[in-house]
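A short write-up of the structure that comes next.
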Amino acid sequence: MEFVKCAGNLWDANVLDVGPGSGGQTRAILECRLRHLAVIEIDRRFIPGLEELRLVASEMGVKMDIYRQDILQFNADGIFRQEANFGMESWGFISAVEHPLSDSLVQPITQLPRARAIGSLPFNI
């Protein structure tokens, strides 16, 4: 759970979990009440357990996709596109009062997608 806390606030976020293995970290991620979880696992032995977690996620109202693929070969374009959630976060917020910038400069900073990538990879990668 400590590792997941390092990712910041995951509530209503889109999360990419790389190398979930048996799903211990994935369970901790699901407890954060995110919007969409995509997991990428290359080892087929872990897929049945992740399928069980997908059922739990569905009951919690979380969309969960499982990709059995090598992260080094994975194309992540568009996996969160349909439900991209935009909102201000503490790490990406600039106050217009403190910094009187034009709206065109503030907009890209305050409209960051709530997406996080969390991974646990072997030492040889």
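Okay, so the sequence shown: first residue is -14 according to the working numbering, each after it adds one.
Beta carbons are placed, not taken as given, at the ideal position from N, Cα and C, and that holds for glycine.
Nothing here was measured: the structure is a model prediction, and the numbers come from that model.
- Per DSSP, the continuous alpha helix (DSSP H) segment holding Leu38 begins and ends at 32 to 45.
- Here the alpha carbon of Ile25 sits roughly 20 Å from the alpha carbon of Cys(-9).
- One thing to note: Val(-11) has its Cβ no nearer than 8 Å to the Cβ of Ala102.
- Distance between Val41 and Ile56, taken at the CA atoms: about 24 Å.
- By the neighbour-count criterion, in which a residue is buried when 16 or more other Cβ atoms sit within 10 angstroms of its Cβ, Asn(-1) is buried.
- DSSP places Gly(-7) outside both helix and strand once states are collapsed to three, so it counts as coil.
- Judged by DSSP secondary structure, Gly9 falls within the alpha helix (DSSP H) whose first and last residues are 9 to 15.
- In summary, Gly8 is buried, with 16 or more beta-carbon neighbours lying within 10 Å of its beta-carbon over all protein chains present.
- Taking C-beta atoms as the reference points, Arg12 and Leu38 count as a pair closer than 8 Å.
- Non-local beta-carbon contacts of Arg18 in its own chain, meaning distances under 6 Å to residues more than five positions away in sequence, involve Trp(-4) in chain order.
- In the DSSP annotation of this structure, the continuous segment of the beta strand (DSSP E) that includes Arg101 starts and ends at 100 to 104.
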